[in-house]
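Numbering (full-length UniProt numbering), first residue to last: 1 to 114.
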């Protein structure tokens, strides 16, 4: 019995030196990047309506209400309803709004700024 264990131990020790790692074929690593954000500036020839789109809902802990706004679709203004945005500590939310410039009315999208 002892002989069997001795032979087995010798075989394991001898085989352990035979294992060799090697690179068979290198594969390139592909890093996927998000697609670039395309920015489209919306310019309208006339001011947006003064009508209120919706009544702001009651406070919801951990969220801020992003107000609805008027979106210019190229022919007319279309009401875009508001939505809840999770609060981002250290940032403040600027609601969507229109600014008048020399070439018309420009929509500033809602965004978080610090």
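Using N, Cα and C, we set each Cβ at its ideal position, and we do this for glycine too. All values reported here derive from a predicted model rather than from experimental measurement.
If residue i and residue j are in contact, beta carbons under 8 angstroms, what's the gap, nearest whole angstrom?
i	j	result
residue 110	residue 86	Contact flag wrong, Cβ pair sits at about 13 angstroms.
residue 44	residue 104	6 angstroms
residue 77	residue 70	4 angstroms
If you measure between the beta carbons of residue i and residue j, is that distance less than 7 angstroms?
i	j	result
residue 54	residue 68	yes
residue 114	residue 93	no
residue 97	residue 88	no
residue 169	residue 42	The question about residue 169 has no answer, for the chain in this structure spans 1 to 114.
May I ask you to report which of helix, strand or coil DSSP gives residue i?
i	result
residue 113	strand
residue 86	strand
residue 99	strand
residue 58	coil
residue 42	coil
residue 93	strand
Identify the residues that DSSP records as bridge partners of residue i: which are they?
i	result
residue 64	85
residue 78	71
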